[in-house]
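Asks: Sharing a structure, written as structure tokens. Questions coming.
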Amino acid sequence: MIGDRPERLPPGMKKTKEMMDSLERGPVRLLWPRGGEAPPRACLEPGYVPSGERQPLGRGGAQRVELEPYGTVVWKTFRRGGGVRFLGGHYFRTTPLENEVEAHLRLAARGLAVPQLCFGRIERRAVGFQLELVTRFVPGRTLLGLLDEARPEPRRALAPLREMGWLVRRMHELGFVHGDLHPGNLLLPEQGPPLVLDLTSGSFEEGAGPEADPPTAGQKDLVRLARYWRKHRAEEPPLPWVLAFLQGYEARRQRRRALLGELKSAYERQVALRSWRW
Numbered sequence: 003m004i005g006d007r008p009e010r011l012p013p014g015m016k017k018t019k020e021m022m023d024s025l026e027r028g029p030v031r032l033l034w035p036r037g038g039e040a041p042p043r044a045c046l047e048p049g050y051v052p053s054g055e056r057q058p059l060g061r062g063g064a065q066r067v068e069l070e071p072y073g074t075v076v077w078k079t080f081r082r083g084g085g086v087r088f089l090g091g092h093y094f095r096t097t098p099l100e101n102e103v104e105a106h107l108r109l110a111a112r113g114l115a116v117p118q119l120c121f122g123r124i125e126r127r128a129v130g131f132q133l134e135l136v137t138r139f140v141p142g143r144t145l146l147g148l149l150d151e152a153r154p155e156p157r158r159a160l161a162p163l164r165e166m167g168w169l170v171r172r173m174h175e176l177g178f179v180h181g182d183l184h185p186g187n188l189l190l191p192e193q194g195p196p197l198v199l200d201l202t203s204g205s206f207e208e209g210a211g212p213e214a215d216p217p218t219a220g221q222k223d224l225v226r227l228a229r230y231w232r233k234h235r236a237e238e239p240p241l242p243w244v245l246a247f248l249q250g251y252e253a254r255r256q257r258r259r260a261l262l263g264e265l266k267s268a269y270e271r272q273v274a275l276r277s278w279r280w
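Position 149 (the sequence shown) corresponds to 151 in the numbering used here; numbering is contiguous.
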């Protein structure tokens, strides 16, 4: 035991409360998988910051740190984006962290490859909360990095793209829509299957699976992949890349062709393009 009093999980966690332990001391609450390693006692101290060298990972407030008893972890401090970016790390509810913890547990329990959850940390501030999530670090390359390396030779990316297509299909079959799916949130580890990262914006939705008809909620994720590449690389994805990803996502040729048409229409509606080269 590392804290002063155990606490019941909030209502949003009812589906997974039997899989979690939770402790609270003063303004700090910790959540971690039942049966897993308990967070170090120091994490219950207000204002706790991991000691030692910290290496930033991407733009989302995540850092690579060493933390006993876990070893190398990714310590992510939640930060707002979009139109409320000015609020930074101030949250008025703890729901974003609780939802991501639940997503990690439910997806992992159903066999989807996601980073192993260590614990979540909630600290009440004078105004709102600071939310932090700790997962085990997985060495590897993001799909974004691999695609950048493969731009001179696009064929190098075809096999990984098919793997990623299968991974995203499996995620949608489980009813989970990522909400912020882009090549930087798909990881090719040095060992093991590809992983989905950063589940903060995701949700479990009815009709997310690829078998659903009409077009599914999961198609929002697929369109976002293309929009991200165009926005950040100032070009549309090469056609062989698109087809390779969809081969992994949908094995049936006829359905794949129909899906490509649906995605084309959705993309054009979202970005108001006059032409589309897919």
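Beta carbons are placed, not taken as given, at the ideal position from N, Cα and C, and that holds for glycine.
Among residues of its own chain, excluding the 5 on either side of residue 52, which ones have a beta-carbon nearer than 7 Å to its beta-carbon?
Replies: Stepping through the sequence shown from its first residue, residue 52 is reached at position 50. Cβ within range, chain order: 67, 69 and 77.
Asks: On the three-state DSSP scale, how would you describe residue 132?
Replies: Taking the sequence shown and counting its residues from 1, one reaches residue 132 at position 130. Residue 132: strand per DSSP, three-state reduction.
Asks: If you draw a straight line from the C-alpha of residue 117 to the C-alpha of residue 240, how long is it?
Replies: For the purposes of this step, residue 117 is taken as residue 115 along the sequence shown, with counting starting at 1. For the purposes of this step, residue 240 is taken as residue 238 along the sequence shown, with counting starting at 1. Whole-angstrom Cα-Cα distance: 29 Å.
Asks: Which first and last residues belong to the alpha helix (DSSP H) in which residue 162 is found?
Replies: As a first step, residue 162 is located in the sequence shown; it is residue number 160 there, counting from the start. Note, residue 162: alpha helix (DSSP H), 160–175.
Asks: Identify whether residue 97 lies in helix, strand or coil by the three-state DSSP scheme.
Replies: For the purposes of this step, residue 97 is taken as residue 95 along the sequence shown, with counting starting at 1. Note: residue 97 maps to helix in three-state DSSP.
Asks: Quick one: what does DSSP say residue 125 is sitting in, helix, strand or coil?
Replies: Locating residue 125 in the sequence shown gives position 123, where the first residue counts as 1. Residue 125 falls in the strand class under three-state DSSP.
Asks: Using C-beta distances below 6 Å, list every residue in its chain close to residue 141, excluding the 5 sequence neighbours before and after it, in chain order.
Replies: Translated into the one-based positions of the sequence shown, residue 141 becomes position 139. Cβ within range, chain order: 192.
Asks: I'd like the list of long-range same chain contacts for residue 96, defined as Cβ closer than 6 Å, with 5 residues on each side in sequence excluded.
Replies: Along the sequence shown, read from residue 1 onward, the residue named residue 96 stands at position 94. Only 124 and 131 meet the Cβ criterion.
Asks: Examine the Cβ distances between the segment 149–167 and the segment 95–109 and report whether three or more of them are shorter than 8 Å.
Replies: no
Asks: Classify residue 111: buried if its beta carbon has 16 or more other beta carbons within 10 angstroms, exposed otherwise.
Replies: Numbered from 1 along the sequence shown, position 109 holds the residue referred to as residue 111. So residue 111 ends up on the exposed side.
Asks: Per DSSP, which one or two residues make a beta bridge with residue 206?
Replies: Against the sequence shown, residue 206 aligns to sequence position 204. Note: residue 206 sits in a beta bridge opposite 178.
Asks: Quick one, are the C-beta atoms of residue 144 and residue 195 less than 8 Å apart?
Replies: Mapped onto the sequence shown, residue 144 falls at position 142. Mapped onto the sequence shown, residue 195 falls at position 193. No, the pair does not count as a contact, with Cβ atoms beyond the cut-off.
Asks: Could you spell out where the alpha helix (DSSP H) holding residue 151 opens and where it closes?
Replies: Along the sequence shown, one-based indexing puts residue 151 at 149. It spans 145–152 - the alpha helix (DSSP H) in which residue 151 sits, taken as one unbroken run.
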